[in-house]
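Going by the UniProt record's numbering, the sequence shown opens with residue 1, and the numbers climb by one from there. Positions of the beta carbon are idealized from the N, C-alpha and C atoms, including for glycine. As the structure is a computational prediction, the values presented were derived from the model and not from experiment. In what follows, a structure is listed as structure tokens, so that the remarks can point back to it.
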Amino acid sequence: MDGAAGPPQGPEEETAAAATAPGPGPGGNKFADIRRLLADGAFPPAFGSIKRKNLKRYAQKFVLEGGRLYYVGATKAPKREVVVDPERRRQVFLESHFTESGHHLGQKKTAQRIQSRYYWLGIVKDVVDWIRVCQTCRNAEHTKNLVRKARPAKAEAPWEILGMELQGPFPETARANTHVLIVTDYFTKWIEAIPLRKKDTLSVAKALASLFYRFGASRNIYSSQSWAFCEEVSRHLGEHWSISQTLTPSAAPDPTGLDEATAELLKAALQSVVKEKQPEWDEHLEPMVFGFRTAVSPVTKHTPFFLMFNRHVCLSSEVMDNAAASGREERRGPKRKTGRAPALAFSVEDRGFPGSPLKKLKKSPFVSFQFETILPAEQPPAAEGKQSPSAEH
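Encoded structure:
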């Protein structure tokens, strides 16, 4: 059967006909009323002037030939036989659903086959309902979903394979955000949390584009959403940002690639932020995920920050402490020669980077950058000849 993304849409005149068709007469069949009007020029006895006018106008879309009623529409298009009997409609469906070779057609092609030769109100709905109970089509759809939903592959490099999950809806913030897009890197366990105003494909594509412009595109993204949703996001990325990116529905319940404990902790942290930081919870997502980025992963035995950037994170509190320590050293020894503190070098090897050992990392009490020398206040002449005890070393 063919893979239609959704129920097929019938001709416009079918929708218009359903909206403008007059109610049936005492017999309960509007097509019988039209047939009687075209054959004998007679209206149902209970019809008033308004109903008679509507029936006469509606009957202009039909012709009666050889005792059979045909629909031609307002444009007098090729005639289609009107089918009233439910058993006859079912037979028409079976004739249109099977090909000459015995294959089953999908919703769209089956409906198109029927609409090319026959007419009744609700063809599309009937086709969808009939195919839904077709055992052969159900088995084919199940097999197709198993094939299309692949299990996530093993990541071999940072930002190579990502996981994507939508959380929400949450109480609306002052910036009108109601959902959160969670994006995780399978290799480093790096986490991104992006607030969204809508849970639609364009909003997700825009959020992913902002990540790609910072970190680059990935080989694949596994999502908890449907195949149609993933294809629509890929289309938006290509049309709006010229980014070619593959998204695939994940067979796993949790597509983030995190271990179970971390995944549960992330959900709990998100719920806590939303509850405690209303109505500005969207401004506190970065501090929340920063804690996960700088915590050692039980899977990799390293922090996601270290695996992403190949260096240890420098927190703002450490910078301020180092700056204060540097100032104290300068004041204690005004004539001390400026120089870098001896660095402690060590080599780290990680299986996460096969065949390529990590760089030698340097830890310094003055962090990784050089502070500008603090000029001391002018000293009295008697103090110039004296040397600070700390400068003798």
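**OP:** Quick one: residues in its chain with C-beta nearer than 6 Å to the C-beta of L361, no 5 flanking neighbours on either side, listed in chain order?
**Re:** Here residue 361 corresponds to residue number 361 of the sequence shown, with the count starting at 1. In this prediction, L361 scores a pLDDT of 42, lower than 50, which makes its location untrustworthy; the coordinate-derived value is nonetheless stated afterwards. Within the same chain, L361 has no close Cβ partners at all.
Original post:
Should V180 and P195 be called a contact, given that it needs their Cβ atoms to be closer than 8 Å?
Top reply: One-based indexing of the sequence shown puts residue 180 at position 180. One-based indexing of the sequence shown puts residue 195 at position 195. With contacts defined by Cβ atoms closer than 8 Å, V180 and P195 form a contacting pair.
Subject >> Proximity of T99 and I131 at Cβ, strictly below 8 Å >> reply: As a position in the sequence shown, residue 99 is number 99, starting the count at 1. As a position in the sequence shown, residue 131 is number 131, starting the count at 1. Cβ distance not < 8 Å, so T99 and I131 don't count as in contact.
Original post:
In chain order, which beta strand (DSSP E) runs of at least 3 residues are fully inside the segment 214-293?
Top reply: With a minimum length of 3 residues, the continuous beta strand (DSSP E) runs that stay inside the segment 214-293 are 220-223, 247-249.
Original post:
So, G163 versus T178, is the Cβ gap smaller than 8 Å?
Top reply: Taking the sequence shown and counting its residues from 1, the one referred to as residue 163 is at position 163. Taking the sequence shown and counting its residues from 1, the one referred to as residue 178 is at position 178. No, Cβ-Cβ distance for G163 and T178 is not below 8 Å.
Original post:
What residue from A176, W281, N220, H240 has the CA that sits closest to K206's CA?
Top reply: By 1-based counting over the sequence shown, the position of residue 206 is 206. Among A176, W281, N220, H240, the Cα nearest to that of K206 is on H240.
Original post:
Taking K79 as the reference, which of S226, I114, K108, K53 has the closest Cα?
Top reply: Position 79 of the sequence shown, counted from the start, is the residue given in the question as residue 79. Scanning S226, I114, K108, K53 for the CA closest to the CA of K79 turns up I114.
Original post:
Are the CB atoms of A174 and P279 nearer to each other than 8 Å?
Top reply: Taking the first residue of the sequence shown as position 1, residue 174 is located at position 174. Taking the first residue of the sequence shown as position 1, residue 279 is located at position 279. Yes. Within cutoff.
Original post:
How is W190 classed by DSSP in three states: helix, strand or coil?
Top reply: As a working mapping, residue 190 is identified with position 190 in the sequence shown. Coil, per DSSP.
Original post:
Taking the alpha helix (DSSP H) that F305 falls in, what are its first and last residues?
Top reply: If you number the sequence shown from 1, residue 305 lands on position 305. DSSP places F305 inside the alpha helix (DSSP H), whose first and last residues are 304-309.
Subject >> Whole-number beta carbon distance between F31 and L69, since they are thought to touch under 8 Å >> reply: Here the question's residue 69 lines up with position 69 in the sequence shown. Here the question's residue 31 lines up with position 31 in the sequence shown. With a beta-carbon spacing of about 6 Å, L69 and F31 fall inside the 8 Å limit used to define contacts.
**OP:** Consult DSSP for Q91 and reduce its assignment to one of helix, strand or coil.
**Re:** Here residue 91 corresponds to residue number 91 of the sequence shown, with the count starting at 1. Helix at Q91.
Original post:
Relative to the C-alpha of L202, which residue among R311, C230, A263, E160 is closest?
Top reply: As a first step, residue 202 must be located in the sequence shown, where it is residue number 202. Comparing Cα positions, the closest option is C230.
Original post:
Can you pull the DSSP bridge partners for G163?
Top reply: By 1-based counting over the sequence shown, the position of residue 163 is 163. Beta-bridge pairing links G163 to T184, Y222.
Subject >> Between the CA atoms of G291 and D259 - distance to the nearest angstrom >> reply: Here residue 259 refers to the residue found at position 259 of the sequence shown. Here residue 291 refers to the residue found at position 291 of the sequence shown. Those two C-alpha atoms are separated by around 16 Å.
Subject >> Chain-order list of residues whose beta-carbon lies under 7 Å from that of D282 (same chain, five-residue window excluded) >> reply: Counting from one through the sequence shown, the residue named residue 282 turns up at place 282. The beta carbon of D282 sits closer than 7 Å to the beta carbons of T173, R175, N177, P195 from its chain, once the five residues preceding and following it are set aside; these are given in chain order.
**OP:** Give me the Cβ distance between E81 and Y118, rounded to the nearest whole Å; I'm assuming they're in contact under 8 Å.
**Re:** Within the sequence shown, numbered from 1, the residue matching residue 81 stands at position 81. Within the sequence shown, numbered from 1, the residue matching residue 118 stands at position 118. That belief holds up - the Cβ atoms of E81 and Y118 are roughly 5 Å apart, short of 8 Å.
Original post:
How would you write the range of the alpha helix (DSSP H) that F47 sits in, first residue to last?
Top reply: Taking the first residue of the sequence shown as 1, we reach residue 47 at position 47. In the DSSP annotation of this structure, F47 is not part of any alpha helix (DSSP H), being labelled neither H nor E.
Original post:
With DSSP run on the structure shown, which of helix, strand or coil describes H103?
Top reply: To locate residue 103, count along the sequence shown from 1; it is residue 103. In the structure shown, the three-state DSSP call for H103 is coil.
**OP:** On a CA-only basis, which of I34, P45, Q112, G48 is nearest F62? Give me that one, please.
**Re:** The residue you call residue 62 lines up with position 62 of the sequence shown. F62 has its Cα closest to that of I34, out of I34, P45, Q112, G48.
Original post:
Should K109 be listed as close to the ligand GTP, given that the test is whether its C-beta is under 7 Å from any heavy atom?
Top reply: As far as ligands go, the structure on display features none, and thus does not contain the ligand GTP.
**OP:** Specify whether the segment 42-54 and the segment 84-92 touch according to this definition: at least 3 beta carbon pairs, one from each stretch, less than 8 Å apart.
**Re:** Short answer: they don't touch.
Original post:
From Y58, P249, V72, I243, pick the residue whose C-alpha is nearest to that of A217; which is it?
Top reply: Your numbering for residue 217 matches position 217 in the sequence shown. The candidate whose alpha carbon is nearest that of A217 is I243.
Original post:
How would you call A228, buried or exposed, if buried means at least 16 neighbouring beta carbons within 10 angstroms?
Top reply: For this step, residue 228 is matched to residue 228 along the sequence shown. A228 is exposed by the Cβ-count criterion.
Original post:
How about P304 and K154: do their beta carbons lie closer than 8 Å?
Top reply: Stepping through the sequence shown from its first residue, residue 304 is reached at position 304. Stepping through the sequence shown from its first residue, residue 154 is reached at position 154. Taking 8 Å as the Cβ cut-off, P304 and K154 do not qualify as a contacting pair.
Subject >> Cβ shell of R197 (< 7 Å), same chain only, five flanking positions each side left out >> reply: Along the sequence shown, one-based indexing puts residue 197 at 197. Listed in chain order, the non-local C-beta contacts of R197 below 7 Å within the same chain comprise A176, N177, T178, S203, local neighbours out to five positions each way being set aside.
Original post:
Are there 16 or more other CB atoms within 10 angstroms of the CB of Q245, so buried, or fewer, so exposed?
Top reply: Stepping through the sequence shown from its first residue, residue 245 is reached at position 245. Buried, by the Cβ-count rule.
Original post:
Measuring CA to CA, which of K125, D126, L105 is closest to T136?
Top reply: Taking the sequence shown and counting its residues from 1, one reaches residue 136 at position 136. Of the listed residues, the one whose Cα sits closest to T136 is L105.
Original post:
Just reading off the alpha helix (DSSP H) that V133 is part of, what are its end residues?
Top reply: Your numbering for residue 133 matches position 133 in the sequence shown. Premise fails: V133 is in no alpha helix (DSSP H) and is neither H nor E.
**OP:** Could you please give me the residues that DSSP links to F62 through a beta bridge?
**Re:** Counting from 1 along the sequence shown, the entry for residue 62 is found at position 62. Beta-bridge analysis with DSSP links F62 to Y71.
Original post:
Grouping DSSP H, G and I as helix and E and B as strand, with all else coil, what is E372?
Top reply: Your numbering for residue 372 matches position 372 in the sequence shown. Low local confidence applies: a pLDDT of 42 at E372 is under 50, so the model's placement there is unreliable, and no value is given.
**OP:** Identify the continuous beta strand (DSSP E) that holds R80 and give its terminal residues.
**Re:** Translated into the one-based positions of the sequence shown, residue 80 becomes position 80. 80-82 is the span of the beta strand (DSSP E), which, as asked, contains R80.
**OP:** Excluding the 5 residues preceding and the 5 following A157 in the sequence, name in chain order all residues of the same chain whose CB lies nearer than 7 Å to its CB.
**Re:** Here residue 157 refers to the residue found at position 157 of the sequence shown. Excluding residues within five positions, the ones whose Cβ falls inside 7 Å are F187.
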